[in-house]
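Just so you know, the sequence shown maps onto residues 138 to 359 in our numbering.
Every residue, glycine too, gets a C-beta built ideally from N, C-alpha and C.
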Amino acid sequence: MSRVQCRIRALLALLPLLGGCAPVLVDRPARAVSVELIPEPEWLQVATPEDEDRIGRIGDAWTRALGEARAKGFRRAITAEGELLDPRAALPRPAPSPGPYRCRLIRLGTQAAKGRGASAFTAFKPFFCYVEAEGPLLTIVKQTGSQRPAGWLYPDSDENRLVFLGTLSFGAEQAPIAYGELHDRDMAGVVERVAPFRYRLVLPWPRANSKLDVLELIPVTE
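So, in structure tokens, the structure goes:
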């Protein structure tokens with residue numbers, strides 16, 4: 138008998154003792170899995186539910202406002218504004234530098250309940266507003282006029298925009314009203330940079346007649 142045959146016989150003899158060679162399970166400790174929690178943007182803790190909803194529907198406001206304005210004969214006026222009225226034009230580094238700005242308001246579309254007689258495209262003359270740093274946040278304030286928006290700019294999970302939460306002051310009112318104090322005065326939108334030294338404050342579904350307000354901000358230079 139050869140050596141190989143002897144080894145095979147020996148192995149066959151051991152099989153009954155091994156109980157069919159059942160697999161041996163090794164108990165290993167479970168590997169720890171770390172989950173990184175992304176903090177909620179601060180503006181979500183400040184915004185009213187209505188304003189959070191308005192910002193969440195900003196894409197719909199762009200689509201409806203531009204669609205109505207184009208359908209009513211303002212296609213050329215929209216094209217002339219270039220990236221200012223392009224919903225996809227937002228660039229990195231949206232924070233405007235503190236200082237004075239020339240601000241120009243464009244209103245797009247009309248709201249059915251309020252828009253009787255209103256134009257689907259209205260561009261107003263420029264006025265002056267001011268961006269200032271207050272603590273870790275920036276503020277935007279319109280300095281003159283019968284209607285003066287003012288508010289704070291908050292970082293967002295979308296790094297190409299800041300979220301604006303503010304209020305509207307009228308006439309001889311000296312100090313801005315606190316956000317959330319008067320429902321009808323609250324304002325909400327986003328600030329984006331659309332070109333070098335050109336920013337915009339986009340206000341979806343404002344309380345005015347429009348579907349979308351776009352405020353152009355261009356720094357004032359000496």
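The beta carbons of residue 337 and residue 351 sit about 6 Å from each other, so the pair counts as a contact at 8 Å. Cβ-Cβ separation between residue 324 and residue 305: approximately 6 Å, consistent with a contact (criterion under 8 Å).
A straight-line Cα-Cα distance of about 32 Å links residue 280 and residue 207. If you look at residue 293, you'll find it isn't in any alpha helix (DSSP H); DSSP assigns it neither H nor E.
Around the Cβ of residue 262, a 10 Å sphere holds fewer than 16 other Cβ atoms; the residue is exposed. By alpha-carbon distance to residue 205, the top candidate from 314, 248, 334 and 315 is 248. Going by DSSP, residue 225 is part of no alpha helix (DSSP H) at all; its letter is neither H nor E.
In the three-state reduction of the DSSP assignment, residue 246 falls in the coil class. Between residue 219 and the set 285, 209, 345 and 335, the nearest pair of CA atoms involves 335. A check of alpha carbon separations from residue 320 across 287, 182 and 188 identifies 188 as the nearest.
Taken atom to atom, the span from the alpha-carbon of residue 273 to that of residue 209 is near 43 Å. Here the C-alpha atom of residue 243 lies approximately 34 Å from the C-alpha atom of residue 176. Here the alpha carbons of residue 332 and residue 341 stand approximately 21 Å from one another.
With distances taken between CA atoms, residue 310 lies nearest to 285 out of 297, 285 and 216. Around the beta carbon of residue 326, 16 or more other beta carbons sit within 10 angstroms, so the residue counts as buried. DSSP places residue 187 in the helix class (H, G or I) of the three-state scheme. Rounded to whole angstroms, the separation of the alpha carbons of residue 199 and residue 314 is 28 Å. Within a 10 Å sphere around the beta-carbon of residue 191 sit 16 or more other beta-carbons, which makes this residue buried.
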